[in-house]
Amino acid sequence: MSFTGGEPLCQADALKQVAGKTKGTIYLETNGTLPAELEKVIDNIDVISMDIKLPFMTGRPLWEEHRQFLELALAKDVFVKLVIDAGIDIGHFDQAVQLVAAVSTEIPLILQPVTPINDCKAIDPDQVIKLQDRALNILKNVKVIPQTHKFLGQL
1 MSFTGGEPLC QADALKQVAG KTKGTIYLET NGTLPAELEK VIDNIDVISM
51 DIKLPFMTGR PLWEEHRQFL ELALAKDVFV KLVIDAGIDI GHFDQAVQLV
101 AAVSTEIPLI LQPVTPINDC KAIDPDQVIK LQDRALNILK NVKVIPQTHK
151 FLGQL
């Protein structure tokens, strides 16, 4: 079962109740900013897909929240997703990679080039490869996967 959409951890008590009664693998897709809520449900989760939200997306840095969250999530099968676009701040990109590495260089990082819709500008494919190489200097597993949900018309 997959818990996604909005932020599932905003409903941590309900999530825990449902996940606790569900057989099979429980997958949580989250913005990675609610470590206290993750702590409530972690025993019922198998796989965690954690986004790192860069400051331009949230209006403020969330580095500490992300760090605390990732430290807890490390107890499970976890990977981190990072949306990248043409205007990415290299300093913030490096900070996100360093944050993951500080918890564990074994955590997979998924770079997701933004889908050019509305005001979003596509990132140059060469820049994507440069960012992947940059992250691979620190992390052991860095992949590039497009935002397929937008291609499918899901958002």
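Oh and the sequence shown: position 101 is 101 in the UniProt record's numbering, straight run, nothing missing.
Backbone N, C-alpha and C define an ideal beta-carbon position, used for all residues, glycine too.
Selected residue, minimal CA-CA separation from residue i, among the options
i: residue 163; options: P108, P146, Q132; result: No answer is possible for residue 163: it lies beyond the span of the chain, which begins at 1 and ends at 155.
i: V78; options: L38, G24, A14; result: L38
i: I90; options: G6, V128, E64; result: V128
i: A75; options: P113, G87, V103; result: V103
i: S113; options: Q98, T105, K143; result: The identity of residue 113 in the sequence shown is Pro, whereas the question assumes Ser. Ranking the options by Cα distance to P113, first place goes to K143.
i: V83; options: I110, I42, P8; result: I110
i: K140; options: K16, T105, I88; result: T105
i: V18; options: G6, L54, S2; result: S2
i: D43; options: L72, V80, K81, L62; result: L72
i: G24; options: I45, L9, H92; result: I45
Supposed contact pair residue j and residue i - C-beta distance, whole angstroms, cut 8 Å
i: F69; j: P35; result: 4 Å
i: A101; j: I138; result: 5 Å
i: D51; j: G32; result: 6 Å
i: Y27; j: V41; result: With a Cβ gap of about 12 Å, Y27 and V41 do not count as contacting.
i: A86; j: A122; result: 6 Å
DSSP bridge partner residues for residue i (one or two, in chain order)
i: V114; result: Per DSSP, none; premise fails for V114.
i: L109; result: V80, V142
Range covered by the alpha helix (DSSP H) that runs through residue i
i: I129; result: 125-136
Host beta strand (DSSP E) of residue i (start-end)
i: I145; result: That residue, I145, is in no beta strand (DSSP E); it is neither H nor E in DSSP.
>> List, from N- to C-terminal side, the alpha helix (DSSP H) runs of 4 residues or more that fit wholly inside the stretch 2-52.
In response: 12-20, 35-41
> At what residue ranges does the stretch 60-94 contain a whole run of the alpha helix (DSSP H), taking only runs of 4 or more?
Replying inline: 63-73
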